[in-house]
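Position 150 (the sequence shown) corresponds to 154 in our numbering; numbering is contiguous. Backbone N, C-alpha and C define an ideal beta-carbon position, used for all residues, glycine too. Since the structure comes first, as structure tokens, the remarks are kept for the end.
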Amino acid sequence: MSAKDLENLQREIASLAKRQGDLEDVVLEVMERRESAQERVTELTGRVSSVQAKVDDAVARRDAAVAEIDAEDASVTKEREIVAASVPADLLKLYDRLREKQGGIGAARLNQRRCEGCRLELDITELNEVRAAAPDQVVRCENCSRILVRTTESGL
Ligand SMILES: [Zn+2]
């Protein structure tokens with residue numbers, strides 16, 4: 005090997021060594037970025053799990069509330085059927101018609117001379133009519149047409 009060949013070989017070795025050093029730096033940087041990305045993935049996975057747990061909890065509470073409402077609805081519907089069965093058919097028909105027309109309230113208590121359906125106080129003529137009516141006679145509010153339910157608190 006000539007002195008020139010040796011010189012060339014040494015230059016090539018130095019160049020390769022530098023190239024190796026550069027590549028090692030690149031590998032190091034890539035590994036650092038990979039590690040940082042992995043940390044971010046772990047953090048985001050944790051947040052997703054936390055949000056999912058909250059969603060699961062909300063869904064479970066919603067389902068429990070719906071089940072409770074369904075049960076109450078079934079119970080109230082059954083109670084209403086039992087009560088409705090004891091009411092004369094024509095009175096029930098009148099009540100249902102009034103209920104539909106008057107925002108869900110077909111009958112109201114007469115309390116201290118006041119219709120609790122429309123909150124108006126009955127005048128003396130109306131009160132006298134109610135007083136004169138037989139206990140089983142259906143009396144209605146002249147203002148809102150609702151069936152008036154007489155009690156000991158009616159003020160008659
Ligand atoms: Zn009324």
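Residue i - containing beta strand (DSSP E), residue span
i, result
"R150", "Neither: R150 is in no beta strand (DSSP E) and is coded neither H nor E."
Which residues DSSP lists as bridging residue i, in chain order
i, result
"R113", "V153"
"E91", "The sequence given here places Val at residue 91; Glu does not occur at that position. None, per the DSSP bridge assignment."
"E125", "R118"
"R168", "Missing from the structure shown is residue 168; the chain here goes from 5 to 160 and no further."
By C-beta, the residues closer than 7 Å to any heavy atom of ligand 1, given in chain order
A112, C119, G121, C122, L124, C145, N147, C148 and R150
Taking 8 Å as the cut-off, does the stretch 123–141 touch the stretch 81–101 (at least 3 CB pairs, one atom from each stretch)?
no
Kindly confirm or deny that the stretch 113–122 and the stretch 72–79 touch, where touching means at least three C-beta pairs closer than 8 Å.
no
For the stretch 131–141 against the stretch 87–103, are there 3 or more C-beta pairs whose distance is under 8 Å?
no
Say whether the stretch 53–67 touches the stretch 107–116, bearing in mind that this needs 3 or more beta-carbon pairs closer than 8 Å, one atom from each stretch.
no
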